[in-house]
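Visitor:
There are 2 protein chains.
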Amino acid sequence: MPQLRVALAQVNACAGDITGNSAMVLDWTRRAVQEGAHLVAFPEMVLSGYPVEDLALRKSFAAANRSELDALARRLLEAGCGDALVVVGHLDRDDEGVRNAASLLYGGEVVATYYKHHLPNYGVFDEARYFAPGHDLPIVRLHGVDIGVVICEDIWRNGGPVAALGRVGVDAVVCLNGSPYERTKNDQRTPLVTRRAAEAGAPMAYVNMVGAQDELVFDGGSLVATSEGEVQARAPQFVEHLMVLDMDLAAGGHTSTDVSPEPVEEGTPLHFRPDALPAFGVERIILQPDPLPPYEPLPPPRTPEPLPEEAEVWSALVTGLRDYVHKNGFPAVTFGFSGGIDSAVCAALAADALGPDALYGVSMPSKYSTEHSRSDAADLAQRLGCHYEVHPVADMVEVFVDRLQLSGVAEENVQARCRGITLMSLSNQLGRLVLTPGNKTELAVGYSTIYGDSVGGFAPIKDVPKTLVWRLARWRNAEAARHGETPPIPESSISKAPSAELRPDQVDTDSLPPYETLDEILDGYVEGDRSYADLVAEGFDADLVERVLQMVDRSEYKRRQYPPGSKITFKAFGRDRRLPITNRWREVRP
Amino acid sequence: MPQLRVALAQVNACAGDITGNSAMVLDWTRRAVQEGAHLVAFPEMVLSGYPVEDLALRKSFAAANRSELDALARRLLEAGCGDALVVVGHLDRDDEGVRNAASLLYGGEVVATYYKHHLPNYGVFDEARYFAPGHDLPIVRLHGVDIGVVICEDIWRNGGPVAALGRVGVDAVVCLNGSPYERTKNDQRTPLVTRRAAEAGAPMAYVNMVGAQDELVFDGGSLVATSEGEVQARAPQFVEHLMVLDMDLAAGGHTSTDVSPEPVEEGTPLHFRPDALPAFGVERIILQPDPLPPYEPLPPPRTPEPLPEEAEVWSALVTGLRDYVHKNGFPAVTFGFSGGIDSAVCAALAADALGPDALYGVSMPSKYSTEHSRSDAADLAQRLGCHYEVHPVADMVEVFVDRLQLSGVAEENVQARCRGITLMSLSNQLGRLVLTPGNKTELAVGYSTIYGDSVGGFAPIKDVPKTLVWRLARWRNAEAARHGETPPIPESSISKAPSAELRPDQVDTDSLPPYETLDEILDGYVEGDRSYADLVAEGFDADLVERVLQMVDRSEYKRRQYPPGSKITFKAFGRDRRLPITNRWREVRP
Numbered sequence: 001m002p003q004l005r006v007a008l009a010q011v012n013a014c015a016g017d018i019t020g021n022s023a024m025v026l027d028w029t030r031r032a033v034q035e036g037a038h039l040v041a042f043p044e045m046v047l048s049g050y051p052v053e054d055l056a057l058r059k060s061f062a063a064a065n066r067s068e069l070d071a072l073a074r075r076l077l078e079a080g081c082g083d084a085l086v087v088v089g090h091l092d093r094d095d096e097g098v099r100n101a102a103s104l105l106y107g108g109e110v111v112a113t114y115y116k117h118h119l120p121n122y123g124v125f126d127e128a129r130y131f132a133p134g135h136d137l138p139i140v141r142l143h144g145v146d147i148g149v150v151i152c153e154d155i156w157r158n159g160g161p162v163a164a165l166g167r168v169g170v171d172a173v174v175c176l177n178g179s180p181y182e183r184t185k186n187d188q189r190t191p192l193v194t195r196r197a198a199e200a201g202a203p204m205a206y207v208n209m210v211g212a213q214d215e216l217v218f219d220g221g222s223l224v225a226t227s228e229g230e231v232q233a234r235a236p237q238f239v240e241h242l243m244v245l246d247m248d249l250a251a252g253g254h255t256s257t258d259v260s261p262e263p264v265e266e267g268t269p270l271h272f273r274p275d276a277l278p279a280f281g282v283e284r285i286i287l288q289p290d291p292l293p294p295y296e297p298l299p300p301p302r303t304p305e306p307l308p309e310e311a312e313v314w315s316a317l318v319t320g321l322r323d324y325v326h327k328n329g330f331p332a333v334t335f336g337f338s339g340g341i342d343s344a345v346c347a348a349l350a351a352d353a354l355g356p357d358a359l360y361g362v363s364m365p366s367k368y369s370t371e372h373s374r375s376d377a378a379d380l381a382q383r384l385g386c387h388y389e390v391h392p393v394a395d396m397v398e399v400f401v402d403r404l405q406l407s408g409v410a411e412e413n414v415q416a417r418c419r420g421i422t423l424m425s426l427s428n429q430l431g432r433l434v435l436t437p438g439n440k441t442e443l444a445v446g447y448s449t450i451y452g453d454s455v456g457g458f459a460p461i462k463d464v465p466k467t468l469v470w471r472l473a474r475w476r477n478a479e480a481a482r483h484g485e486t487p488p489i490p491e492s493s494i495s496k497a498p499s500a501e502l503r504p505d506q507v508d509t510d511s512l513p514p515y516e517t518l519d520e521i522l523d524g525y526v527e528g529d530r531s532y533a534d535l536v537a538e539g540f541d542a543d544l545v546e547r548v549l550q551m552v553d554r555s556e557y558k559r560r561q562y563p564p565g566s567k568i569t570f571k572a573f574g575r576d577r578r579l580p581i582t583n584r585w586r587e588v589r590p
Numbered sequence: 001m002p003q004l005r006v007a008l009a010q011v012n013a014c015a016g017d018i019t020g021n022s023a024m025v026l027d028w029t030r031r032a033v034q035e036g037a038h039l040v041a042f043p044e045m046v047l048s049g050y051p052v053e054d055l056a057l058r059k060s061f062a063a064a065n066r067s068e069l070d071a072l073a074r075r076l077l078e079a080g081c082g083d084a085l086v087v088v089g090h091l092d093r094d095d096e097g098v099r100n101a102a103s104l105l106y107g108g109e110v111v112a113t114y115y116k117h118h119l120p121n122y123g124v125f126d127e128a129r130y131f132a133p134g135h136d137l138p139i140v141r142l143h144g145v146d147i148g149v150v151i152c153e154d155i156w157r158n159g160g161p162v163a164a165l166g167r168v169g170v171d172a173v174v175c176l177n178g179s180p181y182e183r184t185k186n187d188q189r190t191p192l193v194t195r196r197a198a199e200a201g202a203p204m205a206y207v208n209m210v211g212a213q214d215e216l217v218f219d220g221g222s223l224v225a226t227s228e229g230e231v232q233a234r235a236p237q238f239v240e241h242l243m244v245l246d247m248d249l250a251a252g253g254h255t256s257t258d259v260s261p262e263p264v265e266e267g268t269p270l271h272f273r274p275d276a277l278p279a280f281g282v283e284r285i286i287l288q289p290d291p292l293p294p295y296e297p298l299p300p301p302r303t304p305e306p307l308p309e310e311a312e313v314w315s316a317l318v319t320g321l322r323d324y325v326h327k328n329g330f331p332a333v334t335f336g337f338s339g340g341i342d343s344a345v346c347a348a349l350a351a352d353a354l355g356p357d358a359l360y361g362v363s364m365p366s367k368y369s370t371e372h373s374r375s376d377a378a379d380l381a382q383r384l385g386c387h388y389e390v391h392p393v394a395d396m397v398e399v400f401v402d403r404l405q406l407s408g409v410a411e412e413n414v415q416a417r418c419r420g421i422t423l424m425s426l427s428n429q430l431g432r433l434v435l436t437p438g439n440k441t442e443l444a445v446g447y448s449t450i451y452g453d454s455v456g457g458f459a460p461i462k463d464v465p466k467t468l469v470w471r472l473a474r475w476r477n478a479e480a481a482r483h484g485e486t487p488p489i490p491e492s493s494i495s496k497a498p499s500a501e502l503r504p505d506q507v508d509t510d511s512l513p514p515y516e517t518l519d520e521i522l523d524g525y526v527e528g529d530r531s532y533a534d535l536v537a538e539g540f541d542a543d544l545v546e547r548v549l550q551m552v553d554r555s556e557y558k559r560r561q562y563p564p565g566s567k568i569t570f571k572a573f574g575r576d577r578r579l580p581i582t583n584r585w586r587e588v589r590p
């Protein structure tokens, strides 16, 4: 049996930072080679970062990717890593278009390049906009082991290049990924990887990106599956990690380059069977024909326990916030501490992500702010050990109300907007990023003030429904208690009735149904594509469904103006849900 | 020779307003039938509106489209239009996915449905995200004339369904379009239509949508090309129009349904030749086999003169603003009259689009506002005959500056933000839509205050570079003079040096290069995909290019938070230019 030591480098790349990402690849390869790795695999588009969106279309950006790739191959050789096969995702461009590529670096050179076959173009993905699909399958032999490479979406479609690698014969498959986190996505990912490994009849090294890029969070969780379809090893989620292991290999020595097309089902129009089209171009490249002399394999890496749901979501939100702030170069964050649950959870997230010293809570009471709100806000700051300032807005509000003769909603909104100006002024004066603590439920129904509480550069819980905000608060407090620490979130912020406090004795349920019901209806309508009739048939009150659906259908403009926030659920409000504003479609007509 | 009278219904549909759009189709068909039309063609997706973005994915929306289509066929029959063939674009859904469809209604029924073959997925288009491509070619015979149908992008690719219709034999082709306006696009569109008509060997009726939907403007300009590739007739741009004419037909009587694939160039991978894939499914449907008894054809319709460039752009901007305001149901608009050129041009556009009575100018002087700004603003309002109010913001600004101890940029921004609050408060109190008068140049380099002068629901000149703003102002004034009317824009707003007036004696050129140079560099960098090296080689000062490119590369967040505005140039800042925010790519490293 041939042997091969493989390193999965689960790293955090930054979109556009080609030189920084390249330096990271060099550094991690050095570490992997020190641990004896023969093959080092990095995530999809690690060199360019992912997703780079319309940057992909800039010729100068593609040229910079290619020249850095060549330079990286040389630097790896100079650094004594020339004998390792390094698999690096990057952007490329040839006569047929821009490519989502994986290159194999060896001996100071780019020995082969694979172009992603399947380009996802749904949800957060727009790859049909950017990339031309590949149709070739380079296979390299390293120490007698035949290795094929694929990229991310290639394993999510049946009959794709993995099946072809299985037919032509390989000993191992490396799959580079930039697979964004979604709740429960791991329940799909692991069985998929093991199934494809079994299809290829070869073990698969699945290396995923970690860290966040704008609205996307990558959770890592890289893994290796055996040719029998079992998980051999798994890396932790949400941290950079180098997983080194000896692969469980069968005998090598394949020579076939004939990939017959898969049988096409009778009557299927070929337009819908791109996978069944004529043979892929298979090229076999021999780097080291003979197996290594037998060596003592490493003990298997420790596989972490899967995270419980709240911990996984909390980690995703911490990652999203941390990387947005750090990658944008902000030294600190600031936002309004209202005493309510949303700002309390955002504060606890910010303290976990950035440390309490980078967090500046601002209390901005108006004449309608209650005493308990102010004390809960101060209590929160004390629990977290963060900075805390009080800037009352009553005087500013009064001038606007008086000069412009405001009343009703206009008067309510002006309070939120004076807070927005206050925060942005502090941001301009002191360089802190303003965070936006609104939750997904609010955003769905438009229960917020545009240019008021929606002000800010990043919305940490934009994709978290209100009921989950409460669950996360309770979970985070319980975690603290479990570790003998002060629970970060004041109990009364969790237990009191939510209120915007923009008029006397106001509570959210004056305008909205109870959050438990609201979140269920929103989940059905937004995530589940349920119609009005479906929801009524499921037992929800017809008038209530009508009211909620009308609020959602009318709030598109507010949602579109909202700052980015980490995507954690299936259909986030944000760039993966695109609706016209000037739109007369109403699920329920008024 | 058979005869056929065709009506091109160049109408303004509203996204999502299925019942309203259906009523419009019925009404216009009635008018066309009164003029003797045998075939009435409506634009792409007229029933659903276009683009409907993620609404396309809602099952209830697809179902509503289909049931309205069937109802429309019945209503047409009841209205005495059952003998006319009515071609209606709509959204459809079958087992293979969602479809961009064109149905042929006749005798109270849907007699055939065509699914768009080529799905554009670049620039403003995301159709690969929504639709499954069609592969069939229904051909109907009406009064002895064989008619094929295609949709928009189908004619923009070589070797598409029009070529196939030519090979199988048709007498006329109807092409439904939702083709958005871009400057100089008509220079491409007309030769394309005439070329495809010649390829099909049959005249082509090209009917385009008119009106605006969010950021897209449709300019109409429907036309008919003869089988010799000449323009037979052309409809005006930017207005709803029913163009009725007798088509110039050759003899009919085709029977072939065998569409052989086009020859494939040696060595071309089939993945890149979807057009060369196995034959389309051709179905011939006979409605009326025999030609009509000869009748006296109509005199040819009057073809309007093409619009000069400024008039075309002005009309596009008026259309975009008018439809955004009307389709969203706002009774009036309001924004700051600063005395400067941007707000003056926006005011003239708003007066043209909505009438002066729907326009509320607001002067909001701060302590740095000059006397000439106030008098120019008042002069503008008087010239337009619109409403005009003065709400000084000095008092509000003072409270913020005093309480928060603001200076420098923070103090400058607070003035813009107090104006933003003032406008939004008036909007909340009185129901008027706030407009955002920033231009494309400002937006490109980030020369604006977020939550300040960027506040508002629609930015009329968001896609107009500053130098074009001046050209449009001069053109609009000259047009007024030519018609003996008062030029709407004060001469001094055009001629004075631009200033934000946020500190004493401030002018734009304190922070920015002269606009003539700036716009040339921006055009090269943004529209022309020129690199730093390209621009320096073209003769621009290296330091200046570096400074401008850094401003552009750093302004993505501001651009993303900006309200929508009509797209008129090739790469608008907005939904068709998508860049990561957390992005370290800089064309020039600092």
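As they're listed, the protein sequences go chains A and B. The letter at position 379 of the first sequence is residue 379 when you use UniProt numbering, and the numbering goes up by one with no holes. The letter at position 554 of the second sequence is residue 554 when you use UniProt numbering, and the numbering goes up by one with no holes. Positions of the beta carbon are idealized from the N, C-alpha and C atoms, including for glycine.
Quick check on B/Glu283 - is its C-beta less than 8 Å from some C-beta in chain A?
Guide: Answer no: the Cβ-Cβ gap between B/Glu283 and chain A never drops below 8 Å.
Visitor: Could you check how far apart the C-beta atoms of B/His90 and B/His117 are, in whole angstroms? I think they sit under 8 Å.
Guide: Wrong, their Cβ atoms sit about 16 Å apart, outside the cutoff.
Visitor: Counting contacts by CB-CB distance shorter than 8 Å, is A/Arg584 in contact with chain B?
Guide: Yes, because at least one Cβ of chain B sits closer than 8 Å to the Cβ of A/Arg584.
Visitor: Report yes or no: is there a C-beta of chain A within less than 8 Å of the C-beta of B/Ile494?
Guide: No, because no Cβ of chain A sits closer than 8 Å to the Cβ of B/Ile494.
Visitor: Could one say the Cβ of A/Asp17 lies closer than 8 Å to chain B's Cβ atoms, at least one of them?
Guide: For A/Asp17, the answer is yes, since a Cβ of chain B falls inside 8 Å of its Cβ.
Visitor: Cα-Cα, which of B/Gln213, B/Pro161, B/Val98 is closest to residue 591 of chain B?
Guide: Nothing can be reported for residue 591 of chain B: it is not among the residues displayed for chain B, which extend from 1 to 590.
Visitor: When the distance is taken between beta carbons, is A/Val224 closer than 8 Å to A/Leu245?
Guide: It is a contact, given that the beta carbons lie within the stated cut-off.
Visitor: Report the residue ranges of all alpha helix (DSSP H) runs contained in full by the segment 381-464 of chain B; include only those spanning at least 4 residues, in chain order.
Guide: Whole alpha helix (DSSP H) segments, 4+ residues: 394-404, 408-430, 440-445.
Visitor: Do three or more CB pairs link the segment 91-98 of chain A to the segment 545-553 of chain A at distances below 8 Å?
Guide: Contact between the segment 91-98 of chain A and the segment 545-553 of chain A is absent, because fewer than three Cβ pairs lie under 8 Å.
Visitor: Looking at the structure shown, is B/Glu109 part of a helix, part of a strand, or coil, going by DSSP?
Guide: Three-state DSSP puts B/Glu109 in a strand.
Visitor: Can you list the beta strand (DSSP E) stretches of 3 or more residues lying completely in the segment 199-227 of chain B, in chain order?
Guide: Counting whole runs of 3 or more residues, the segment 199-227 of chain B contains the beta strand (DSSP E) stretches 204-208, 210-213, 216-219, 223-225.
Visitor: Could you tell me whether the segment 278-294 of chain B touches the segment 131-145 of chain B, using the rule of 3 or more Cβ pairs below 8 Å?
Guide: A contact exists between the segment 278-294 of chain B and the segment 131-145 of chain B.
Visitor: Using the Cα positions of B/Glu96 and B/Ala62, report the straight-line distance between them to the nearest angstrom.
Guide: The alpha-carbon atoms of B/Glu96 and B/Ala62 are separated by roughly 13 Å.
Visitor: Against B/Met396, what residues of chain A qualify as contacts under a CB-to-CB distance less than 7 Å, listed in chain order?
Guide: Under the 7 Å cutoff, chain A gives Met396, Val399, Phe400.
Visitor: For A/Asn21, which three-state DSSP category applies?
Guide: A/Asn21 falls in the helix class under three-state DSSP.
Visitor: In the DSSP output, what is B/Gln10 paired with across the bridge?
Guide: The partner list for B/Gln10 (beta bridge, DSSP) reads B/His241.
Visitor: Could you work out which residues of chain B lie near A/Ser60, taking near to mean beta carbons separated by less than 7 Å?
Guide: Residues of chain B passing the Cβ test: Ser531, Glu587.
Visitor: Using a Cβ cut-off of 7 Å, pull out every chain A residue sitting near B/Tyr557, in sequence order please.
Guide: By Cβ distance, chain A contributes Gly457.
Visitor: Do you know offhand how far A/Leu433's Cα is from A/Arg503's?
Guide: Going by the C-alpha atoms only, they are around 28 Å apart.
Visitor: Could you tell me which chain A residues have their CB closer than 8 Å to the CB of B/Met424, listed as they occur along the chain?
Guide: Under the 8 Å cutoff, chain A gives Asn413, Arg417, Ile450, Tyr451.
Visitor: Quick one: grab the DSSP three-state call for B/Arg93.
Guide: Looking at B/Arg93 - three-state DSSP - the assignment turns out to be strand.
Visitor: State yes or no: is the beta carbon of B/Leu223 nearer than 8 Å to at least one beta carbon in chain A?
Guide: False, the Cβ-Cβ gap to chain A never drops below 8 Å.
Visitor: Return no unless some Cβ of chain A is closer than 8 Å to the Cβ of B/Gly144.
Guide: False, the Cβ-Cβ gap to chain A never drops below 8 Å.
Visitor: If you measure from the beta carbon of B/Lys327 to each beta carbon in chain A, is any gap under 8 Å?
Guide: B/Lys327 counts as touching chain A.
Visitor: Could you name the residues of the segment 371-387 of chain A whose beta carbon sits closer than 7 Å to any beta carbon of chain B, in the order they occur along the chain?
Guide: Per Cβ criterion, the list is empty.
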